[in-house]
Every structure is written in C-alpha cells, then in structure tokens.
Amino acid sequence: MFGYIKPFKPEMKICEYETYKAVYCGLCKQLGKSYGPFSRLTLSFDFTFLAILDMAMHKETELEFSRQRCIVNPLKKSPCCGQCQSLDFSSGVAMIMFYYKVLDNYNDGKLAQRALSILCLPFAKRAYHKAAEKYPEVASIIYETISRQSQLEQERCSSTDLASEPSALALSGLLSLLCDIPDQKRVLERFGYLIGRFVYLSDALDDLEQDIKQNSYNPFLVREDIANPTNEQLENIRENAKGSLFLTIAEIIKAYELLELTRFKPILDNIVYLGLKGNTEQIFSQRRRNTDGRSI
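Numbering of the sequence shown is given in the numbering used here, commencing with residue 11 and proceeding in unit increments.
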C-alpha cells in the first residue's frame, strides 16, 4: 500500500489523534522487533489503518498503551500501543508487500530503482519468508494479484476498472481475514475491494505527470488515448480521475457503515468520511499547481 488511507488531522480530537499516533508508533516498533530496524522504513498510514481496523473488529484483543521513547526522538517519550496480534498481522502484510514492490522495481524500474532494489532484495527476501511462513494466506493472495497486475500493465489495459481489479481483489482478500463472522466477512470483502480500488487510482493520479515524462503505463492516460497531453487535456484527465475517486469513496462509505466496530469508531469515521476525500483533494491540487503555466 502507498500511504493514501490516512486521517484528516484538523477534524480529530486530541485524544483520537494521540491514540492514532500510538498505534502508528506501536506498528513501527513491531516492525523493528519482528523484521529488523530497516523494516521500519516500510511504515505507512495504510498499514496503520489496517491495524486499527483489525483492532476494531476484535474487542477481545487486549491493548496496552504506555509512554515509550522513539528511535527518531529518543529524548521524548510518546504514547505507544504495545505488541498485539493486530500489529503483528499488519507488519507481516507490510513485509510481504514490500518484497513484491522491490521485485517490481528490479524488473521494471529505472536504473536508480533497479540499483536500490538490488541492495534491498536480500533483506526483503528474508523478511518475506518470515512473514509468509506466519501468514501463508496473505502471501498467496498478494502473489496471485501481483501477477495479474503485471500482466494488465504489460497489455496496457485501457479500462480503469480492470486495471484496478488486482489491487481491489488483494485488499478484499486481506480484509476478509479480519473476521470469521459470515455477514461481516462479506462486508469486509466489499469494503476491502473498494479500498484497494481507491489506493490504486490514487496512486495513478499521483503519478500522472511522472508517468507522462517517463512514458510509463498509467490507466488514466491509456483510457483517454493521449500520450503527451496539453495542459487543458491534462486538467480534463485529472477531473475525470477525481470523479472516479469520489464515486469510489461514496461506495466505500456505504460498505463501511455496515461494519460492526467495537472500538476506535471515531478514528475510523475520520479516515473514511474525511481522510479519503482530503487525500484526493490534496493530490489533485498539488499536481495541478505543479503544472500550471507549463506544457507537458
């Protein structure tokens, strides 16, 4: 995942934000403890969201919060969530996804990306095997969807629905593992499917200008059949992409409201109702400012 599922901080209460940060810090420590210090670099908002959602679905899981020192700022103690199954699961997912990201950069990346991936590969491979041994279902889900994603991109798929399908199915499968209750499991599958679609389309919108410069695959560009758009055409592509994302957010909200959450609902409400839209607006406005007055 890419860091697009995050809260809208201005609308969070202090206690909610402190709790969110505590889970974020707890996940960082869990990564370091389970997979070594370099694994902390994979920490993102998306995996924090996964951990909080897992905690919210399992009231029986006991959580402990305490003030601990951070490796980034060792002089100041900050709230931190103690080790638990939800953090362990999320860190395992992070390592499995990281391994495939490194492989993707090695196979299809530019020279600098390939060089960096060669350095990262030994660590990523060790972490992957450790995580996959603990969570084989996760490894299987991601392997199957990653393979399909690569095939669609090589074929230069012109449908954003089809292009986002592997990511959607991956998150659908992952979130379905969070609950064994049949009704809630189906809701989580739908919720995860839409979250995966949102993440993929957000990443495509975020990378739009870079993909134009590098002549890389981007579903929004292929859909419009424009390789080198003018500023006006680029603005239209952005607007269409923004519309697709807002429609997806609306469907995410419908699925989310069917979930039976046992805790952290205000935090998850903030992420779903405000954070997703805020993230989309941020990507849209930043990319528009970057190209104002210039031709691509």
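Even glycine gets a Cβ: it sits at the ideal position worked out from N, Cα and C.
What span of residues does the alpha helix (DSSP H) with F75 cover, start to end? Per DSSP, F75 belongs to no alpha helix (DSSP H); it is in the beta strand (DSSP E), F75 to R79.
Whole-angstrom Cβ separation of C94 and L60, contact assumed at under 8 Å? The beta carbons of C94 and L60 sit about 13 Å from each other, so the pair does not count as a contact at 8 Å.
According to DSSP, is R304 part of a helix, a strand, or is it coil? The predicted model places R304 with a pLDDT of 42, which falls under 50 and marks its position as unreliable; any figure quoted below should be read in that light. Residue state, collapsed to three classes: coil.
In angstroms, rounded to a whole number, what distance separates the CA positions of Y27 and I277? Each residue's Cα considered, the two are about 8 Å apart.
How should S174 be labelled, buried or exposed, when 16 other C-beta atoms within 10 angstroms of its C-beta is the threshold for buried? Sixteen is the threshold: when 16 or more other Cβ atoms of the shown chains lie within 10 Å of the Cβ of S174, as they do, the residue is buried.
Note the first and the last residue of the continuous alpha helix (DSSP H) segment covering K140. Looking at the DSSP string, the run of the alpha helix (DSSP H) that includes K140 is L121 to K144.
Which residues does DSSP pair with K87 in a beta bridge? According to DSSP, K87 bridges with R79.
Neighbourhood of R77 by C-beta distance below 8 Å, restricted to the same chain and skipping five residues each side: Answer for R77: K87, S88, P89 and C90, listed in chain order.
Specify, as a first and last residue, the run of the alpha helix (DSSP H) that D307 falls within. Because residue 307 is not part of the residues shown, which for the chain are 11 to 306, the question remains open.
In its own chain, which residues sit with a C-beta less than 7 Å from the C-beta of K144, not counting the 5 before and 5 after it? The beta carbon of K144 sits closer than 7 Å to those of G102, all from its chain and outside the five residues before and after it, given in chain order.
The alpha helix (DSSP H) that contains Y266, what's its start and end? Segment N241 to Y266, the alpha helix (DSSP H) holding Y266.
Could you give the C-beta distance for L211 and L255, rounded to a whole number, given that I count them as a contact under 8 Å? That pair is a contact at about 5 Å.
Between which two residues does the alpha helix (DSSP H) containing S174 stretch? T170 to S186 is the span of the alpha helix (DSSP H), which, as asked, contains S174.
Three CB pairs or more closer than 8 Å across the segment 263-273 and the segment 53-68: Touching, yes.
Distance, L187 Cα to I306 Cα: In this prediction, I306 scores a pLDDT of 33, lower than 50, which makes its location untrustworthy; the coordinate-derived value is nonetheless stated afterwards. Those two C-alpha atoms are separated by around 44 Å.
Using the C-alpha atoms, what's the distance from I205 back to A178? Spanning the two alpha carbons is a distance of roughly 7 Å.
Going by C-alpha to C-alpha distance, which of F75, L162 and K120 sits closest to K9? Since the first and last residues shown for the chain are 11 and 306, residue 9 lies out of range.
Nonlocal neighbours in the same chain, by C-beta distance under 8 Å from L53, ignoring five residues either side: Excluding sequence neighbours, L53 sits near Y34, L37, C38, L41 and A104.
Given this structure, state the Cα-to-Cα distance separating R166 from K252, to the nearest angstrom. Approximately 21 Å, taken between the alpha carbons.
If you check the beta carbons only, do S169 and P229 fall under 9 Å apart? For S169 and P229, yes; Cβs fall inside 9 Å.
Look at the Cβ atom of G13, then the Cβ atom of A137, and state whether they are nearer than 9 Å. For G13 and A137, no; Cβs fall outside 9 Å.
Contact check, I152 vs Y110, beta carbons under 9 Å: Pairing I152 with Y110 gives a Cβ-Cβ distance under 9 Å.
Same chain, Cβ closer than 6 Å to C130, five either side skipped, listed in chain order: So the list reads V112, once near-sequence residues are dropped.
Pairwise C-alpha distance: Q296 and F55: One C-alpha to the other measures close to 19 Å.
Taking the straight line between their C-alpha atoms, what separation do you get for K16 and N289? Spanning the two alpha carbons is a distance of roughly 8 Å.
Can you tell me which of A122, A134 and A125 puts its alpha carbon nearest to the alpha carbon of F307? Nothing can be reported for residue 307, as the shown portion of the chain is limited to 11 through 306.
Suppose only complete runs of 4+ residues qualify. What are the alpha helix (DSSP H) ranges in the segment 181-222, listed by chain order? The qualifying runs are 192-216.
6 Å CB neighbourhood of F208 in its chain, flanking five on each side removed: Within the same chain, and ignoring the five residues on either side of F208 in sequence, the residues whose Cβ sits closer than 6 Å to its Cβ are T258.
Candidates Q292, K31 and I191, of which the one nearest F75 by Cα: Nearest C-alpha to F75: K31.
Quick one: using the 10 Å Cβ neighbour count with 16 as the cut-off for buried, is F57 buried or exposed? Answer is buried; the Cβ neighbour count reaches 16.
Apart from the five residues on each side of it in sequence, which residues of its chain come closer than 6 Å, Cβ to Cβ, to R200? Excluding residues within five positions, the ones whose Cβ falls inside 6 Å are A265.
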